Amino acid sequence: MSALIIYRSVNGILLLDKPCGYSSNNILQKVKKIFCAKKAGHTGSLDPIASGMLPICFGEATKIAQYLLNSNKTYHVIFKLGQSTSTFDSEGEVLLIRKINVNDQKIRKVLNQFTGYTYQIPPMYSAIKYKGKPLYFYARKNIFINRKKRLVHISDIQYINNKNNLIEIKLSCSKGTYIRSLIHDIGEKLKCGAHIVFLRRLKIAHYIESDLINFNLLQKLKNNFKNLISPSIFYKKIDRLLISIDSALYHLNEIVLNSEEERLFKNGNNIFLKKNNTFNGIIRVKSEKKKILIGIGFIKDKTVLFPKRIIF
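Going by the UniProt record's numbering, 245 is the number at position 245 of the sequence shown; the sequence numbering is gapless.
Put into structure tokens, the structure is as follows:
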């Protein structure tokens, strides 16, 4: 008879280095099991073909996932010219093969055309919901759904090289950008088609590649320690890999509330701020007394703080 698993309360964020070959949800379930966590979710899906930064939010951190999602992201991409596929990446069926007639100058010119604000249509093979089901559900049944264009922002595209029509770039973009759609559109602009063969997320907000925790390391820690030491010691060790919720929101401005303001905020009341406040918009809210994050707020006209999310 298998031992009863008692799930525990875990609060914090793991900056996971997702390996290729796993869906975001599949790797989430594996990590959740290693941490034996009651509640967990990920921010910003990565395709199975992709690797790199996938923040896993545990417990109270799931409440602030959307504020990480809203952050800019940086990717390392390699795409192949001359072929268009059903999924816009190398896992899909090749739909069209075209002649390639480009040089470095033309590639750079087209890449530059995609910097700034641009509209893109999400791919059919995506997790966007339509009538309660993800688009890929319809795509697998060869059912075409009209998708609305989305306004996204590409802040930078760095052209690295071209090796045998494999184009290597690095780019930074806003939330909601589909890199597969971007590369497909670039291929159409080059009049030869293109699809992704390599995709790695390097950065979200102020977190960079060196902050990542390798999934194989987690599995190794589990295999080496879990059966040799008490569970509490094991979990204490792996919990050290987590970053705090406050740290994850470091890119947001901060406001500190006194005890009375804290009480009002936690009860969902709006707070009228002092005249010297200079902040507007989304803000992290901290307790003056406890010196900890207590939630996310929204400041309007620099005068009123509205509670958005209460933490702890």
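Even glycine gets a Cβ: it sits at the ideal position worked out from N, Cα and C.
Because the structure is a prediction, the values reported are computed rather than measured.
Requested in this report: Would you please state the rounded distance, in angstroms, between the beta carbons of C57 and T43? I believe it to be under 8 Å.
Outcome: 6 Å
Report task. Return the chain-ordered list of same chain residues with a C-beta closer than 8 Å to the C-beta of T62, the five sequence neighbours on each side being excluded. Result -> K39, A40, G41
Query raised in the report: Which residue from I154, S9, Y125 puts its Cα closest to that of Y138?
Result: Y125
Requested in this report: Determine, using beta-carbon pairs with one atom in the region 187-204 and one in the region 65-78, whether at least three such pairs fall under 8 Å.
Outcome: yes
Requested in this report: Measuring alpha carbon to alpha carbon, tell me which of L151, N270, Y250 ends up nearest residue 339.
Outcome: Any question about residue 339 goes unanswered here, given that the chain covers just 1 to 312.
Requested in this report: Could you tell me whether the region 182-190 touches the region 23-35, where touching means 3 or more Cβ pairs closer than 8 Å?
Outcome: no
**Report entry** As assigned by DSSP and simplified to three states, the class of residue 320
**Finding:** The chain is shown only over 1 to 312; residue 320 falls outside these bounds and no answer can be derived.
Report task. Give the straight-line distance between the Cα atoms of L293 and F312, rounded to the nearest whole angstrom. Result -> 8 Å
Query raised in the report: Since L68 contacts K18 with CB under 8 Å, what's their CB separation in whole angstroms?
Result: Not really, about 15 Å apart at Cβ, beyond 8 Å.
**Report entry** Assumed close pair I13, L218 - CB separation to whole angstroms, cut-off 8 Å
**Finding:** Rounded, the Cβ-Cβ distance is 14 Å, inconsistent with contact.
Requested in this report: For K106, name the three-state secondary structure that DSSP assigns.
Outcome: helix
Requested in this report: Return the bridge partner residues of I97 from the DSSP annotation.
Outcome: Q83
Query raised in the report: Taking just the CA atoms, how far does N277 sit from V10?
Result: 34 Å
Query raised in the report: Taking Cβ positions, are F306 and N253 nearer each other than 8 Å?
Result: no
**Report entry** Endpoints, the alpha helix (DSSP H) within which V10 is located
**Finding:** Element bounds for V10: n/a, residue is neither H nor E.
Query raised in the report: Rounded to the nearest angstrom, how far is the Cβ of I196 from that of S90, given a contact under 8 Å?
Result: 7 Å
Query - Contacting residues, own chain, Cβ-Cβ under 6 Å from T177 (five flanking each side not counted) - result: V152
**Report entry** C-alpha gap between I299 and H251, whole angstroms
**Finding:** 16 Å
Requested in this report: Kindly list the residues whose CB is nearer than 8 Å to the CB of N101, restricted to its own chain and excluding five residues on each side of it in sequence; keep chain order.
Outcome: K191, C192
Query raised in the report: Residues in its own chain within less than 7 Å of E261 by CB, not counting five upstream and five downstream?
Result: I271
Report task. Would you give the residue range spanned by the beta strand (DSSP E) that R309 belongs to? Result -> 304-310
Query raised in the report: How many angstroms separate the CA atom of N70 from the CA atom of L249?
Result: 11 Å
Query raised in the report: Do the CB positions of L15 and I213 come within less than 8 Å of each other?
Result: yes
Requested in this report: Alpha carbon to alpha carbon, how far is D211 from L241? Give it in angstroms, no decimals.
Outcome: 10 Å
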